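The listed protein sequences correspond, in order, to chains R and S. Add 18 to the 1-based position in the first sequence for our numbering, that's all there is to it. Add 18 to the 1-based position in the second sequence for our numbering, that's all there is to it. Take a look at the structure set out below.
Protein chains: 2
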Amino acid sequence: MLTIGSLAKKTGTKVQTIRYYEQIGLMPEPGRTEGGQRRYGEAELDRLSFVRHARQLGFSLGAIRELLDLSDHPGKSCSEADAIARRQLKQVEQRLARLEALRTELKRMVLECSGGQTSDCRVLEVLRDHSECLTEHEEIGA
Amino acid sequence: MLTIGSLAKKTGTKVQTIRYYEQIGLMPEPGRTEGGQRRYGEAELDRLSFVRHARQLGFSLGAIRELLDLSDHPGKSCSEADAIARRQLKQVEQRLARLEALRTELKRMVLECSGGQTSDCRVLEVLRDHSECLTEHEEIGA
DNA sequence: AAATTACCTACAGTGGGTGTAGCTTTATGC
DNA sequence: GCATAAAGCTACACCCACTGTAGGTAATTT
Chain R
19 MLTIGSLAKK TGTKVQTIRY YEQIGLMPEP GRTEGGQRRY GEAELDRLSF VRHARQLGFS
79 LGAIRELLDL SDHPGKSCSE ADAIARRQLK QVEQRLARLE ALRTELKRMV LECSGGQTSD
139 CRVLEVLRDH SECLTEHEEI GA
Chain S
19 MLTIGSLAKK TGTKVQTIRY YEQIGLMPEP GRTEGGQRRY GEAELDRLSF VRHARQLGFS
79 LGAIRELLDL SDHPGKSCSE ADAIARRQLK QVEQRLARLE ALRTELKRMV LECSGGQTSD
139 CRVLEVLRDH SECLTEHEEI GA
């Protein structure tokens, strides 16, 4: 039986995060000691590992909920899980493309900065005037 | 003189976001009509364009605050702005590296899925067992 | 038995906004 | 000159995915 702290260590999760997952129904309510402390078994360790691994791969908690659900029903078709993964892959590829454009732009900004006064600073100038950009980088966030 | 709505349109910002920027002190308090509506001039349009452009390049609001401050003091050394941009470039490159690892992993997951039952699903299997991963992808988020 | 460590709940805060409710102001058409 | 509709106003709640804190209790170690 694992305490919440040792489960946290084993999975590289913060204790609060585990309690948070419980709160939002992603992790089950575990058993408790007489004194009211949580105790976990193998099943919970596996489930949390799954969640953390999926998070590392960039899946949202919503997607992870779906994946867990599929994982809990081994008879179901695999195609749903596959669709979720494909969706995720697509997102990752979109982000990659955007980040590559950003890198190009930032590199150019940095290279062109001659180190004088801010009035001549290319970094600030480029930020002031989008038309100086060589690449498109429209979307914000994510 | 621009209304908040036309400023929003010109800069591709939501009206609420402009008010939010004002609230957090990133945009100045503009003049008002007798009836209490905000009215903006060229200076505010330029400032908001700067902010939006920097956001598109992935700068945090904190970094943008610093950049605006530098931009307001044309005599200051450019090196600070340069340092902020370099920091940003580094972050972008780190994210790129991670995302590339994720793409590899997701691609592999999707390729190996044969389309049967979830009990045989490679997607779920890979998520269950990190040791099957070919790449490291430790950090979560961003 | 004391001290330390780990745990508990409840709540606030993070970043960067977005959405909503219920009102007032401004612009347009007749 | 007035009705109506569009756009504005404030204030607040909500989003994601956590993280941090305060004030207290349980479990472990010495």
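Just so you know, even glycine gets a beta-carbon here, dropped at the ideal spot from N, CA and C. Computed from a prediction, not measured in an experiment: that's the story for all the values here.
Query	Result
To the nearest angstrom, how far is it from the Cα of G76(R) to the Cα of Q106(R)?	8 Å
Quick test of the definition: if touching needs 3 or more C-beta pairs under 8 Å, does the region 78-87 of chain R touch the region 121-129 of chain S?	no
Which chain R residues sit within Cβ distance under 8 Å of E118(S)?	L114
If E54(R) sits next to M19(R), beta carbons under 8 Å apart, how far is it from one beta carbon to the other, in whole angstroms?	In the sequence as presented, Glu is not what sits at residue 54(R); that position holds Gly. In fact, because the Cβ distance is near 15 Å, the residues do not count as touching under 8 Å.
With a 10 Å radius around its C-beta and 16 neighbouring C-beta atoms as the bar for buried, classify E162(R) as buried or exposed.	Outside the modelled stretch of chain R, which goes from 19 to 160, sits residue 162(R), for which no answer is possible.
With burial defined as no fewer than 16 other Cβ atoms inside 10 Å of the residue's Cβ, what is the status of L152(S): buried or exposed?	exposed
Excluding the five sequence neighbours on either side, which residues of its own chain have a C-beta within less than 6 Å of the C-beta of H162(R), listed in chain order?	Because chain R spans 19 through 160 in this model, residue 162(R) falls outside it and cannot be assessed.
Pull up the DSSP beta-bridge partners for G168(R), would you.	Residue 168(R) lies beyond the range of chain R shown here (19 to 160); nothing can be said about it.
For the alpha helix (DSSP H) that contains L85(R), what are its first and last residues?	L79 to D90
Do you know whose CA, among R140(R), E52(R) and R57(R), lies nearest A26(R)'s CA?	R57(R)
Starting from Q106(R), trace the alpha helix (DSSP H) both ways and give me its first and last residue.	S97 to E130
For T187(R) and chain S, any beta-carbon pair shorter than 7 Å?	Nothing about residue 187(R) can be reported from this structure: the residues present for chain R run from 19 to 160 only.
Please name the residue, chosen from I42(R), Q112(R), S137(R) and E143(R), that lies closest to G93(S) on a Cα-to-Cα basis.	S137(R)
Measuring straight from C-alpha to C-alpha, what distance separates R73(S) and I22(S)?	19 Å
Under the three-state reduction of DSSP, which class applies to L25(R): helix, strand or coil?	helix
By Cβ distance below 8 Å, which residues in the same chain neighbour E47(R) in space, the five residues on each side in sequence not counted?	E40
In terms of residues, what are the limits of the alpha helix (DSSP H) holding Q34(R)?	V33 to Q41
Less than 7 Å between CB atoms is the rule here; does A103(S) satisfy it with respect to chain R?	yes
Of all Cβ atoms in chain S, is any one closer than 7 Å to the Cβ of S149(R)?	no
Given a threshold of 16 other Cβ atoms within 10 Å of its Cβ, counted over all protein chains shown, does H71(R) qualify as buried or as exposed?	buried
When the cut-off is 7 Å and only beta carbons count, does M19(R) lie next to chain S?	no
Just grab the DSSP bridge partners of Q74(S) for me.	In DSSP, Q74(S) forms no bridge with anything.
At the 7 Å Cβ level, is A99(R) part of the contact set with chain S, yes or no?	yes
With distance defined between alpha-carbon atoms, name the residue in V33(S), K32(S) and V141(S) nearest to S97(R).	V141(S)
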